[in-house]
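Student: Encoded as structure tokens, here's the structure I'll be asking about.
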Amino acid sequence: MNFLAVSENLINFNVEKISSISLEGIGWAIKWLFDLFKGFPGAIALGVIVFTLALKTLVLPLDIYSRVKTKKQSLLMKEMRPQMEKLQKQYAGDKNMYNQKVLELQRANGYNPLGACLPSIISLIIFIVVFSSFSTYSNYATLNTYNKLVDAYNESVVTYVKQSYDDNTNDEHFLLVIGEDFKEIEGYTLGEDGTVYDGEEKAVKIIGYRVDFDKFTRYYALNNAQNGDFNQAEFDAKKESEKMKFVAEFVQSNARKTTAGDYRKKLREETSFLWIGNMWYPDSALNKEVPAFSDFLNSVSRASSGINASYEESYKEVTHDLTKEKERANGYFILIILSIGFMFLQQFIMMRSQKDANELSTVDGSAASTNKMMMVIMPIIFGIFSFFYSAAFSTYMIVNTVYGLITMLIINKIVTVRFDKNQNKRLIKNAASYNRKRTK
């Protein structure tokens, strides 16, 4: 779209909204939750935190069951350690025999390494389904933010639109809409978003505007006194195409300023958080708060079935005056580093709590090396996800990991205390039984 096109004495500087997909099921639930924080500073960050806590609390019974089972198995393995170390020495050269003897020993002691798997698998499935919906919603929210800027742009243009050719009541109205199926529209209504409707309440596709130059010059003289270089006589002497271009540049400039002001006063307050300019983009110095069109296109691809490169000019027009935001780094990798750090801590604690199982599950102790490798690989994988996904995703991962760490430490402590008590009772019972046999 050429925003300064002058064809058949018409000008065109409207921008088009991008059609969005309809959210379904979980997507609507996520939207409802995020809408609760609209108008609050850092609304997206608050929504992510509450969303994560709600999801983790929902699957908490599964986590508790899984962690209790895992800790119990770990304590049983610790109890069996002396016997398993003997088996390692005895069958050091026979891996198959070692595995067979270990399996017999585990069965005899009630050890089941797969006991905690099912709840973990269910939790993983829930995570994948919900994360997919969350990712789609983040695309949807990014697109919705852009469409709000489009509304602000078009609403700025609409303030200059005449209600009909006979509208002479307000000098501010110096533009007349020309619709696709009409040469002139004598009367129409404007929707709240600036959509034009004909007498039958059907949306009219705008193909351009005609200008009432008398109204424009009066309005311009009254409202732009600071522009002392405006000369009425010189303006009247211009060709109609030159007048059209002058009017178009005036309306276009004000629409750009309005859009930039709307973003800085309203939208940025919701999308930003502390040092992050836009939570729907990565916390990275390589990303900009307002991205280039190619990055924007990638980030909303799942939320719109009709977006393509033809929208690039509209995107550049809407974001024209957001120069600082286009140059400003969206973040400084802080959330990415934190997500890696907390994930490493979680993996480290889990590995320590399962030390005996890692060292004794194989005859040569190779499982311990594998787990050490996973302790490094898993944080790196999540770090890569955080690098390519949004800061909202990084926030989710951090809150999710911290929540998991706290519950894991509490559960491990409770299970250890109860296991020790049961073990002491068993020892006392065995000692009493042994003493009774001796006295007989």
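Under our numbering, think of the first position of the sequence shown as 167, with each following residue one higher. Backbone N, C-alpha and C define an ideal beta-carbon position, used for all residues, glycine too.
Strictly by DSSP, which residues pair up with residue 374?
Tutor: 344
Student: Return the first residue and the last residue of the alpha helix (DSSP H) that residue 275 is part of.
Tutor: Neither: residue 275 is in no alpha helix (DSSP H) and is coded neither H nor E.
Student: Could you tell me if residue 558 is buried or exposed, where buried requires 16 or more neighbouring beta carbons within 10 angstroms of its beta carbon?
Tutor: buried
Student: With a Cβ-Cβ cutoff of 8 Å, do residue 491 and residue 436 count as a contact?
Tutor: no
Student: Would the segment 479-487 and the segment 433-447 be scored as touching if the rule is three or more Cβ pairs under 8 Å?
Tutor: They do not touch, by the three-pair rule.
Student: Would you mind giving the Cβ-Cβ distance between residue 505 and residue 564, rounded to the nearest angstrom? I have them listed as a contact below 8 Å.
Tutor: 5 Å
Student: Do residue 449 and residue 496 come within 8 Å of each other at the CB atom, strictly closer than that value?
Tutor: Yes, Cβ-Cβ distance for residue 496 and residue 449 is below 8 Å.
Student: Is the segment 287-299 touching the segment 188-197 in the sense that three or more CB pairs, one from each, lie closer than 8 Å?
Tutor: yes
Student: Going by other Cβ atoms of all chains shown within 10 Å of its Cβ, with 16 needed for buried, is residue 514 buried or exposed?
Tutor: exposed
Student: In whole angstroms, what is the alpha-carbon distance linking residue 185 and residue 434?
Tutor: 22 Å
Student: What would DSSP say about residue 454, mapped onto helix, strand or coil?
Tutor: In the three-state scheme derived from DSSP, where H, G and I count as helix and E and B as strand, residue 454 is classed as strand.
Student: Around the Cβ of residue 583, are there at least 16 other Cβ atoms within 10 angstroms (buried) or fewer (exposed)?
Tutor: exposed
Student: At which residues does the alpha helix (DSSP H) containing residue 320 begin and terminate?
Tutor: 283-324
Student: How is residue 511 classed by DSSP in three states: helix, strand or coil?
Tutor: helix
Student: Assign residue 542 to buried or exposed, taking buried as 16 or more other Cβ atoms, counted over all protein chains shown, within 10 Å of its Cβ.
Tutor: exposed
Student: In chain order, what residues of the same chain lie with their CB nearer than 7 Å to the CB of residue 383, ignoring the 5 residues before and after it?
Tutor: 398 and 401
Student: Which whole runs of the alpha helix (DSSP H) in the segment 408-445 are 4 residues long or more, in chain order?
Tutor: 434-437
Student: With a threshold of 8 Å, are at least 3 pairs of Cβ atoms found where one atom belongs to the segment 303-310 and the other to the segment 461-475?
Tutor: yes
Student: Would you identify the three-state DSSP class for residue 195, choosing helix, strand or coil?
Tutor: helix
Student: Near residue 325, which residues of its chain fall below 8 Å by C-beta distance, leaving aside the five closest residues on each side in sequence?
Tutor: 338
Student: DSSP on residue 488, reduced to helix/strand/coil?
Tutor: coil
Student: Per DSSP, what kind of secondary structure is residue 258 in: helix, strand or coil?
Tutor: coil
Student: So, are the CB atoms of residue 179 and residue 418 less than 8 Å apart?
Tutor: yes
Student: Residues bridged to residue 495 by DSSP?
Tutor: Within the DSSP secondary-structure output, residue 495 pairs in a beta bridge with 454.
Student: Name the DSSP beta bridge partners of residue 327, please?
Tutor: 341
Student: Nearest CA to the CA of residue 315: which residue from 445, 480, 475 and 562?
Tutor: 480
Student: Below 7 Å CB to CB, which residues in the same chain sit around residue 300 once its five sequence neighbours on both sides are set aside?
Tutor: 196
Student: Might you give, ordered along the chain, the residues of its own chain that have their beta carbon closer than 7 Å to the beta carbon of residue 429, omitting 5 neighbours on each side?
Tutor: 315 and 488
Student: Using a Cβ-Cβ cutoff of less than 8 Å, which residues in the same chain neighbour residue 302 once the five nearest sequence positions on both sides are dropped?
Tutor: 187, 189, 193, 468 and 469
Student: Is it buried or exposed for residue 509, if we count other Cβ within 10 angstroms and need 16 for buried?
Tutor: buried
Student: Near residue 234, which residues of its chain fall below 7 Å by C-beta distance, leaving aside the five closest residues on each side in sequence?
Tutor: 577 and 581
Student: Which residues does DSSP list as the beta-bridge partners of residue 546?
Tutor: Answer by DSSP bridge pairing: none, since residue 546 is not bridged.
Student: Is it true that the CB of residue 416 sits closer than 8 Å to the CB of residue 386?
Tutor: Less than 8 Å divides the Cβ of residue 386 from the Cβ of residue 416.
Student: Over the uninterrupted alpha helix (DSSP H) stretch that includes residue 215, give me the two end residues.
Tutor: 209-224
Student: Between the Cα of residue 372 and the Cα atoms of 423, 209 and 320, which residue gives the shortest distance?
Tutor: Closest option to residue 372, judged by alpha-carbon separation, among 423, 209 and 320: 320.
Student: Please classify residue 467: does DSSP put it in a helix, a strand, or coil?
Tutor: Here residue 467 sits in coil by DSSP.
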